[in-house]
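Numbered by our numbering, the letters in the sequence shown go through residues 307 to 784 in order.
Here's the structure we're looking at; comments come further down.
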Amino acid sequence: MRANGRFLSVLALVLWLVPAAYGRAVGADARAECAAAMRKAAAYFHGQVAVHGGYVYYYSLDLEQRWGEGRASRHQVWVQPPGTPTVGMAYLKAYDATGDRFYLQAATDAAEALVYGQLKSGGWTNCVDFDPRGNRVAAYRNGRGRGKDNSTLDDGITQAALRLLMRADSAHRFKHHGIRNAVQVGCKALLRAQFPNGAFPQVWTGITAVPPVVKASHPEYDWRTEGRVRNYWNMYTLNDGVAGTVADVLIEAHEIYKDEAFTDGLVRLGDFLVLAQMPEPQPGWAQQYSYDMHPIWARKFEPPAIAARESQDAMETLLKIHGRTRDVKYLDPIPRALGYLKRSRLLDGRLARYYELRTNRALYMKRQGKAYVLSHDDSDLPRHYGWKVRSRLDDIELDYLSLEQGGTASAENRSQAQLARSARQIAGDLDEQGRWVSTAAGERLVGQPKFRPGMRYMSSGVFSRNLEVLAEYLTATQ
Numbered sequence: 307m308r309a310n311g312r313f314l315s316v317l318a319l320v321l322w323l324v325p326a327a328y329g330r331a332v333g334a335d336a337r338a339e340c341a342a343a344m345r346k347a348a349a350y351f352h353g354q355v356a357v358h359g360g361y362v363y364y365y366s367l368d369l370e371q372r373w374g375e376g377r378a379s380r381h382q383v384w385v386q387p388p389g390t391p392t393v394g395m396a397y398l399k400a401y402d403a404t405g406d407r408f409y410l411q412a413a414t415d416a417a418e419a420l421v422y423g424q425l426k427s428g429g430w431t432n433c434v435d436f437d438p439r440g441n442r443v444a445a446y447r448n449g450r451g452r453g454k455d456n457s458t459l460d461d462g463i464t465q466a467a468l469r470l471l472m473r474a475d476s477a478h479r480f481k482h483h484g485i486r487n488a489v490q491v492g493c494k495a496l497l498r499a500q501f502p503n504g505a506f507p508q509v510w511t512g513i514t515a516v517p518p519v520v521k522a523s524h525p526e527y528d529w530r531t532e533g534r535v536r537n538y539w540n541m542y543t544l545n546d547g548v549a550g551t552v553a554d555v556l557i558e559a560h561e562i563y564k565d566e567a568f569t570d571g572l573v574r575l576g577d578f579l580v581l582a583q584m585p586e587p588q589p590g591w592a593q594q595y596s597y598d599m600h601p602i603w604a605r606k607f608e609p610p611a612i613a614a615r616e617s618q619d620a621m622e623t624l625l626k627i628h629g630r631t632r633d634v635k636y637l638d639p640i641p642r643a644l645g646y647l648k649r650s651r652l653l654d655g656r657l658a659r660y661y662e663l664r665t666n667r668a669l670y671m672k673r674q675g676k677a678y679v680l681s682h683d684d685s686d687l688p689r690h691y692g693w694k695v696r697s698r699l700d701d702i703e704l705d706y707l708s709l710e711q712g713g714t715a716s717a718e719n720r721s722q723a724q725l726a727r728s729a730r731q732i733a734g735d736l737d738e739q740g741r742w743v744s745t746a747a748g749e750r751l752v753g754q755p756k757f758r759p760g761m762r763y764m765s766s767g768v769f770s771r772n773l774e775v776l777a778e779y780l781t782a783t784q
């Protein structure tokens, strides 16, 4: 009986060890597969797709055609996400996950493309043109350009460039002179562009204006007849997530360089958002403000209004700033804004991009030739613009309640099983050449290329997301 008992004990131990060993072997195989896929994809994208170290949005499979916002020449790379900075930051995540200096070199090449394209005013425009006679060349610091010197925060352009350069600077332990210098110039220019009230312009070329600090209010004139404001880009802007993306730069800059000037800039940005909240009964935020802090026209299809997308970004930014400062004044505007926007949701749960001042009716624009006309009718809207936006109010409220009680904002975490499934799927989708190939299905894409349904192409955004998932998986399973 004792021998039989020993046999059963050994058998039980074997039955326990074999699945564990098998699981480790399967895990090792999955890691190896994902690491190989990541290297193969990056080798192709860096070796075959990059131009001057940089990237545009989309490529034909034969690499003969390239698209950013419109067709791109063979000497142009895009700064606006998901262009060069997006791809460069994905390489750095792969470097962090593996320690393979190939990825650091690929990221460095992307960063150096941005160094080349830094403007005299310290920021970036949406494209870098390496052809001195090219149609998109600008006034580069290196003296090889000409033309406009418009540093822009629109669509996260300068913000994305700075984040890649700061991360590359850190990865090189602050010893790459060109990258280091570009970061220093860019960060100083960003802080100089901030207005006394804490706001940022959409575009700057030099020192910004010094208008008085006042609270947001409704215009006393008839905003419907006022029309587009000339040079609105020089005034206070929240359009296209400026507040959130600038806050991210300031937070990351402080984490890397420990310079309190970045925290001071972040606090001042929060102070502006408190000032910019519109009065009851519409305590949201506008896209664009005059120096008198009235909502104003921007482009001819962007009227003065309460802007739901920018209002959500303003609240999320206030939560970030509170998370860094623990100052409750950055939480105070949020309950009123949440309540107002919840009451303003459309029947399908989304939010209108615009709500008319005072009446709070959902506001749209109809196109008549080259002209736009205000309308409350949401049928047959121009397709080039997002007139309705997804509601993020529930997530914002959860983060607000957590921070109010002394906690932290929620992080979007995937389980390791979900991450493993995603990584294996991504690795399996790679073709023999090392490409992730997309197929157009008539969806609206960044840059609005006119791809026919069924057209196959490569996307820098897809490449970057996939590389980051693979890197995240390798990091999580170390």
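Each residue gets a CB set at the ideal place from its N, CA and C atoms; glycine is no exception.
*TRP591 in three-state terms, based on DSSP*: coil
*Could you have a look at ALA658 and say whether DSSP puts it in helix, strand or coil?*
strand
*In chain order, what residues of the same chain lie with their CB nearer than 6 angstroms to the CB of SER765, ignoring the 5 residues before and after it?*
TYR364 and SER744
*What separation, rounded to the nearest whole angstrom, lies between the Cα atoms of GLN739 and PHE408?*
Distance between the alpha carbons of GLN739 and PHE408: 18 angstroms.
*Apart from the five residues just before and just after SER427, which ones in its own chain have a Cβ nearer than 7 angstroms to its Cβ?*
ASP455, SER457, ALA495, TRP510, THR511 and GLY512
*Straight-line CA distance for TRP603 to TYR661?*
14 angstroms
_Are the CB atoms of VAL573 and PRO639 within a distance shorter than 8 angstroms?_
No, these two residues do not count as a Cβ contact at 8 angstroms.
*Does the region 517-526 come within contact of the region 414-432, defined as at least 3 CB pairs closer than 8 angstroms?*
No: fewer than three Cβ pairs fall under 8 angstroms.
_Three-state class that DSSP yields for MET599 in the structure shown_ = coil
_Can you tell me where the alpha helix (DSSP H) holding GLY552 begins and where it ends?_
Sequence check: residue 552 is Val here, not Gly. First-last of the alpha helix (DSSP H) with VAL552: 548-563.
*Near THR551, what residues of its chain come up, given a Cβ to Cβ distance below 8 angstroms and the 5 sequence neighbours on each side ignored?*
LEU459, GLY462, GLN465 and ALA466
*In the structure shown, what three-state DSSP assignment does ALA412 receive?*
helix
*By how many angstroms is the C-alpha of PHE506 removed from the C-alpha of GLN500?*
So the alpha carbons of these two residues sit roughly 5 angstroms apart.
*Measure how close the beta-carbons of ILE702 and GLN618 come, nearest whole angstrom, since I'm counting them as under 8 angstroms.*
GLN618 and ILE702 do touch by the CB rule: their CB atoms are close to 7 angstroms apart, below 8 angstroms.
*Can you grab the Cα-Cα spacing for the pair TYR763 / GLY645, in whole Å?*
43 angstroms
*Alpha carbon to alpha carbon, how far is TRP529 from LEU780? Give it in angstroms, no decimals.*
54 angstroms
*Who are the near neighbours of LEU736 in its chain, counting only those whose CB is closer than 7 angstroms to its CB and skipping five residues on each side?*
Contacts found: ALA343, LYS346, ALA347 and TRP742.
*Would you mind working out which of HIS600, GLY571 and GLU566 sits nearest ALA582, comparing C-alpha positions?*
HIS600
_Three or more C-beta pairs under 8 angstroms: does that hold for the region 387-397 against the region 467-477?_
Result yes; three or more Cβ-Cβ pairs closer than 8 angstroms.
*Can you list, in chain order, the residues of its chain whose CB lies under 6 angstroms from that of THR783, leaving out five sequence neighbours each side?*
These residues qualify, in order along the chain: ARG337.
*Would you kindly check if the distance between the Cβ of VAL434 and the Cβ of GLY492 is under 8 angstroms?*
Against a cut-off of 8 angstroms, the Cβ pair of VAL434 and GLY492 comes out as no contact.
*Check MET761 in the structure and name its three-state DSSP category.*
If DSSP states are grouped into helix, strand and coil, MET761 belongs with coil.
*Between which two residues does the beta strand (DSSP E) carrying THR714 extend?*
That residue, THR714, is in no beta strand (DSSP E); it is neither H nor E in DSSP.
_Proximity to GLN424 [Cα-Cα], best of PRO609, LEU707, ILE485 and ASP700_ = ILE485
*Residues near LEU704 in its chain [Cβ-Cβ closer than 8 angstroms; skip 5 each side]*: SER716
*Given LEU420 as reference, the closest of ALA444, ASP402 and LYS399 once Cα atoms are compared*: ALA444
*Return the chain-ordered ranges of every beta strand (DSSP E) run that is complete within the region 443-526 and spans a minimum of 3 residues.*
none
*asked:* Less than 8 angstroms between the beta carbons of LEU544 and ALA620, yes or no?
replied: yes
*Please go through the same chain and pick out, in chain order, the residues whose beta-carbon is closer than 6 angstroms to the beta-carbon of ASP437, but skip the five residues on each side of it.*
HIS381
*Quick one: complete alpha helix (DSSP H) runs, 4+ long, within the region 613-642?*
614-631
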